[in-house]
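Trainee:
Numbering (the UniProt record's numbering), first residue to last: 1 to 198.
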């Protein structure tokens, strides 16, 4: 059976084919309502056992940006300070404490409390998925995104997560991109270089 529920070319363009990583931003603001909307969309994406370990800090004030600035690499500083919002995409090391609510039909918490390795792997994998969903949700509602490494993890954790079980994964700048500051698209691996049919 073939599904007719597919995105049209305009939607695929918005999410993938014409979407780009942005390095420069216009002055148009991002509202808290938009941030709530993109989280609401991203939270619907699947995670294993609905574990939902991602946590997001939407850094949007001058004070928040100044807390983040010392952790940024030189190449990421200016564009991050200029972005209307920088998302700290993080994950909760003790995500499993929420499983009685998120996955109530089994004792899923016990799957992780005795295995730090399984807890770490599950949290990191699924939080990374959720951060990807957030990036696509932002594009879907008309925002541009610039995901980044290039920061000091320990400094971000110290500035934002001291005394908690949260830890940073990566950063995403959000806003309305300045098209004049987009780099040319780099090559991608062909199907036969990156995929196997088994």
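Ideal Cβ placement from N, Cα and C applies to all residues, glycine included.
From a predicted model like this one, the values you see are computed outputs, not experimental measurements.
Taking residue 73 and residue 150 to be in contact with their CB atoms under 8 Å, please state how far apart those CB atoms are, rounded to whole angstroms.
Mentor: Residue mapping note: residue 73 aligns to position 73 of the chain shown, counting from 1. Residue mapping note: residue 150 aligns to position 150 of the chain shown, counting from 1. Between residue 150 and residue 73 the Cβ distance is about 4 Å, and since that is below 8 Å, they are a contact.
Trainee: Can you tell me where the beta strand (DSSP E) with residue 161 in it begins and where it stops?
Mentor: In the chain shown, residue 161 corresponds to position 161, counting from 1. Where residue 161 is concerned, there is no enclosing beta strand (DSSP E), given that its DSSP letter is neither H nor E.
Trainee: According to DSSP, which residues form a beta bridge with residue 199?
Mentor: In the structure as shown, the chain starts at 1 and stops at 198, and residue 199 therefore has no counterpart that could be examined.
Trainee: Just to check my reading of the structure: residue 92 and residue 125 have Cβ atoms closer than 8 Å, yes? What is that Cβ distance to the nearest angstrom?
Mentor: Within the chain shown, the letter at position 92 stands for residue 92. Within the chain shown, the letter at position 125 stands for residue 125. Actually they do not touch by this definition, with Cβ atoms about 13 Å apart.
Trainee: Please classify residue 22 as buried or exposed, where buried requires at least 16 neighbouring CB atoms within 10 angstroms.
Mentor: Numbered from its first residue, the chain shown carries residue 22 at position 22. Buried is the call here.
Trainee: Do residue 182 and residue 20 count as a contact pair if the criterion is CB distance below 8 Å?
Mentor: Walking along the chain shown from the start, residue 20 turns up at place 20. Walking along the chain shown from the start, residue 182 turns up at place 182. Going by C-beta atoms, residue 20 is nearer than 8 Å to residue 182.
Trainee: Check whether the Cβ atoms of residue 187 and residue 170 sit closer than 8 Å, and answer yes or no.
Mentor: The residue you call residue 187 lines up with position 187 of the chain shown. The residue you call residue 170 lines up with position 170 of the chain shown. Cβ distance not < 8 Å, so residue 187 and residue 170 don't count as in contact.
Trainee: Cβ atoms of residue 51 and residue 129: under 8 Å apart, would you say?
Mentor: As a first step, residue 129 must be located in the chain shown, where it is residue number 129. As a first step, residue 51 must be located in the chain shown, where it is residue number 51. No; because the gap between Cβ atoms is not below 8 Å, this pair is not in contact.
Trainee: Can you name the start and end residues of the alpha helix (DSSP H) that residue 126 belongs to?
Mentor: What you label residue 126 is simply residue 126 of the chain shown in a count that begins at 1. Residue 126 -> alpha helix (DSSP H) spans 116-140.
Trainee: I'd like to confirm the pairing. Which residues does DSSP put opposite residue 172 in its beta bridges?
Mentor: For this step, residue 172 is matched to residue 172 along the chain shown. Paired residue(s): 87 and 147.
Trainee: To the nearest angstrom, how far is it from the Cα of residue 26 to the Cα of residue 103?
Mentor: Mapped onto the chain shown, residue 26 falls at position 26. Mapped onto the chain shown, residue 103 falls at position 103. Going by the C-alpha atoms only, they are around 42 Å apart.
Trainee: I'd like to check one pair, residue 85 with residue 175: are the Cβ atoms closer than 8 Å?
Mentor: Start at 1 with the first residue of the chain shown, and residue 175 comes out as number 175. Start at 1 with the first residue of the chain shown, and residue 85 comes out as number 85. Contact flag set, yes.
Trainee: From residue 141 to residue 105, what does the alpha carbon distance come to, in whole angstroms?
Mentor: Counting from 1 along the chain shown, the entry for residue 141 is found at position 141. Counting from 1 along the chain shown, the entry for residue 105 is found at position 105. Computed Cα separation, rounded: 34 Å.
Trainee: Go to residue 74, then tell me how far its alpha helix (DSSP H) extends in each direction, as first and last residue.
Mentor: Numbered from its first residue, the chain shown carries residue 74 at position 74. Element bounds for residue 74: 74-82.
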